[in-house]
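Down below is the structure, laid out as structure tokens.
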Amino acid sequence: MFPVLKIDDLQTHFFTRTGIAKAIDGVGFHIDKGEIVCVVGESGCGKSMTALSVLRLVPHPGRIVGGEIWLDGQNLMAFSEREMREVRGDRVSMIFQEPMVSLNPAFTIGNQLIEAVRVHRKASRAEAWERSVEMLRRVDLPSPEARMNAYPHELSGGMRQRVMIAEALLLDPVLLLADEPTTALDVTVQAQVLDVMVRAARESGTAVMMITHNLAVVSEIADRVVVMYAGRVVEQGTTEEIFTRPAHPYTQGLLRAIPTLSTAAEDDAPRQPLYEMGGLVPSLTDLPPGCAFCPRCSAAIDLCAAQKPPAFPLGETHAAACWLRRTEG
Amino acid sequence: MARFWANKAGVAGLAIIVVCILVAIFAPLLAPHDPLAIDISLQGMEPSEAYPFGNDEFGRDILSRVIYGARISLGISLFSVIFSLGLGVVLGAVAGFYGRGIDNAIMRVMDATMAFPAILLAIAIVAAMGSNMFNVVIALGIVYVPRFARIIRGAVISLKTREFVEAAISLGASDVAIIFRHILPNCLAPLIVQATAGFAYAILAESSLSFLGLGAPPPAPSWGNILSESKDFMLDNPMMTVYPGLAITFAVLGFNLLGDALRDILDPRLK
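For the record, the sequence lines run as chains A and B.
Going by the numbering used here, the first residue of the first sequence is number 5, and it counts up by one from there.
Going by the numbering used here, the first residue of the second sequence is number 147, and it counts up by one from there.
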């Protein structure tokens, strides 16, 4: 049984005028069938580029320079552009951040959904229509038949993102890449849309790679978590492991930086200012030779600055790339 | 649509164009005489009741010739705009979508074409291929291809980075589907504006070519060659040149007014 997605030592670099930016510098993780994996990390740490690399849609001047990406046991790096096009939208699909502008303003919702079906399947217009309405119903869009004839500008942001989710799941893909699908939405709508996405994905048995920096969302929906920093995976494990036993100083810092809602009355402990991680993300064109987090790490030892830490296993599912977690052998 | 009807100049332009088109379509019903019928006894006659615009050097009825001229002038303009639109859209879309080498190759050829004065280039093409209506259409078409190509290229470049295009790519759409479904329908606005303006240019250019004897070959009446034939009588009978000239002015004015109005309505940046 192959994992749905297995990324091995992926390296995606951007060849800019000012030097080579290592947007992804040796990322490796896997996603099992039907699993929901959240990839977290701050802006620019390579989360979105990892998703685009899976679809082999890294924008110019970026290029995948090394590593392997396996989908259901097939090496995507060996696929031709034509074969990749058959993969995109059929076996792997993606949802972007901006639902407001992710639909073509010139066509109705129905027209776009039907087209999405017919790009990949031999289906009559009637069958494609049926399937589209069924998907819209599954993402809880009210009166789906009527919405099929609506233009994108006639729908609200939340409705449009539901349409995007329906479009992405239309052909029961094995993997859904969701790049911060709710950040552009109203906070009140975020939870609903997220809930709809997770439910629809589970119904069709689709594994989800969800990119986010909202840790509250992660704790709610993720089966496993991958923490990225400066183009590398620093820690991965089940949601429980990451939240209760974070092993990497960066993960620990992230979790301490979550504001909590508590009042003095219910909380005897003296109030503390919110934790803030010192320093800045290193430039991707000029990464330190050792651990990328070393300059900001309060627990750093000499070894950290000199050598890149490999991922040390801490359990069956838990691993951290930190010298402090070095295990013997 | 409501905004269009509120634009008086645009409505006036549209009305003029509609009149011109109706005249062209119903020319056989409107023209009092055969535009090609020669009557030496009427040579160079001043306007009369039977011949309100007068008669030309062969005694042909100028009114009928101007009416039939609408067919030829508008017809040639229409086909040359269609030709340059078609070729320009394809070249511009390919250049803008694929970028880099292909873009450079196509756009440098377009720049070179644009470097020639429009009429001079059209004259050269007609002179090289021979003067008949088909060649005039081709010549005028080629001259205006770069304008369409540039506009489409610009629109494609700005549209191809839009999220809905990226979303379509990530859902496995092919290049052809991206260009024809996701990009071109969204750059219709500048295209319509340019096509309308292109019509005005084409009428003028066709008239110029005909005036120089390189347009629709005589005896076929086109506004340009009616003007050209009557210029020899300008001192004796100045009105002979005024009527075809007015027809040209009228038609060009109509298309320009419509084009300007459409640009104001469709281009949000000019508001």
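Glycine included, each C-beta is placed from N, C-alpha and C at the ideal position.
Query	Result
Does threonine 395 of chain B come out as helix, strand or coil in the three-state DSSP assignment?	helix
Please classify aspartate 199 of chain A as buried or exposed, where buried requires at least 16 neighbouring CB atoms within 10 angstroms.	exposed
Identify, in the order they occur along the chain, each residue of the same chain with its Cβ nearer than 8 Å to the Cβ of cysteine 159 of chain A, setting aside the five sequence neighbours on each side.	One detail in the question is off: residue 159 of chain A reads as leucine in this sequence, not cysteine. Ile113, Arg151, Val167.
What separation, rounded to the nearest whole angstrom, lies between the Cα atoms of aspartate 406 of chain B and phenylalanine 280 of chain B?	29 Å
Any idea which residues DSSP pairs isoleucine 372 of chain B with across the strands?	Looking at the DSSP assignment, isoleucine 372 of chain B forms no beta bridge with any residue, so it has no partner.
At 4 residues or longer, what runs of the alpha helix (DSSP H) sit wholly inside the stretch 259-347 of chain B?	264-275, 279-306, 309-316
Any beta carbon from chain A within less than 7 Å of proline 331 of chain B's own beta carbon?	yes
Tell me the rounded alpha-carbon separation between serine 368 of chain B and leucine 412 of chain B.	33 Å
Check whether the stretch 273-287 of chain A and the stretch 296-311 of chain A touch, using three or more Cβ-Cβ pairs below 8 Å as the test.	yes
Among residues of its own chain, excluding the 5 on either side of alanine 261 of chain A, which ones have a beta-carbon nearer than 8 Å to its beta-carbon?	Leu278, Tyr279, Glu280, Met281
Could you work out which residues of chain A lie near arginine 149 of chain B, taking near to mean beta carbons separated by less than 7 Å?	The contacting residues do not exist; arginine 149 of chain B stays about 17 Å from chain A at best.
Flag this pair as yes or no: are the beta carbons of alanine 341 of chain B and leucine 231 of chain B separated by less than 7 Å?	yes
Using a cut-off of 7 Å between C-beta atoms, extract the partners of serine 320 of chain B located in chain A.	Arg89
Along chain A, which residues have their Cβ under 8 Å away from the Cβ of leucine 317 of chain B?	Arg92, Gly93, Ser97, Met98, Ala120, Val123, Glu171, Ala172
Would you tell me roughly how many angstroms separate the C-alpha atoms of leucine 416 of chain B and proline 331 of chain B, rounded to the nearest one?	No answer about leucine 416 of chain B holds up, because its pLDDT of 48 lies below 50 and its placement is not dependable.
Quick one: which chain B residues come within Cβ less than 9 Å of leucine 61 of chain A?	Glu312, Ile315, Ser316
Hey, could you find the ends of the alpha helix (DSSP H) isoleucine 73 of chain A is sitting in?	It is not in any alpha helix (DSSP H) - isoleucine 73 of chain A instead sits in the beta strand (DSSP E) that spans 66-75.
Is the Cβ-Cβ distance between leucine 49 of chain A and tyrosine 233 of chain A less than 7 Å?	Per the sequence shown, residue 49 of chain A should be read as cysteine rather than leucine. Yes, they are a contact pair.
Is leucine 107 of chain A close to chain B? Criterion is C-beta to C-beta, closer than 7 Å.	yes
Are the C-beta atoms of alanine 27 of chain A and some chain B residue less than 7 Å apart?	no
I'd like to check one pair, valine 238 of chain A with valine 231 of chain A: are the Cβ atoms closer than 7 Å?	yes
Is there at least one Cβ from chain A nearer than 7 Å to leucine 408 of chain B's Cβ?	no
Kindly indicate if chain B contains any beta-carbon less than 7 Å away from that of alanine 336 of chain A.	Residue 336 of chain A cannot be examined here, being either before or after the span of chain A that is shown, 5 to 333.
Within this structure, are the beta carbons of arginine 164 of chain A and leucine 107 of chain A separated by less than 7 Å?	yes
At the 7 Å Cβ level, is glycine 333 of chain A part of the contact set with chain B, yes or no?	Interpretation of glycine 333 of chain A is limited by its pLDDT of 46, a score under 50 that renders its predicted location unreliable; no figure is taken from the coordinates.
With H, G and I counted as helix, E and B as strand and the rest as coil, what does DSSP make of arginine 125 of chain A?	coil
Please identify the residue among A/Thr16, A/His217, A/Arg122 whose C-alpha is closest to the C-alpha of glutamine 101 of chain A.	A/His217
With 16 as the cutoff for other CB atoms within 10 Å, does valine 164 of chain B come out buried or exposed?	exposed
For a contact defined as C-beta to C-beta under 7 Å, what are the partners of alanine 110 of chain A on chain B?	Pro331, Asn332
When you compare each of B/Ser194, B/Glu192, B/Asp202, B/Pro193 to proline 181 of chain B by their alpha carbons, which one comes out closest?	B/Asp202
Have a look at leucine 168 of chain B and glycine 66 of chain A and give me their C-alpha separation to the nearest angstrom.	57 Å
Note down the Cα distance separating glycine 276 of chain B from alanine 120 of chain A, rounded to an integer number of angstroms.	50 Å
If we define contact as Cβ-Cβ less than 7 Å, is glutamate 352 of chain B a contact residue for chain A?	no
Whole angstroms is fine: what's the gap from aspartate 94 of chain A's alpha carbon to threonine 210 of chain A's?	12 Å
Within 7 Å (strictly less), CB to CB, does glutamate 244 of chain A reach chain B?	no
For leucine 179 of chain A versus valine 96 of chain A, is the C-beta distance shorter than 7 Å?	yes
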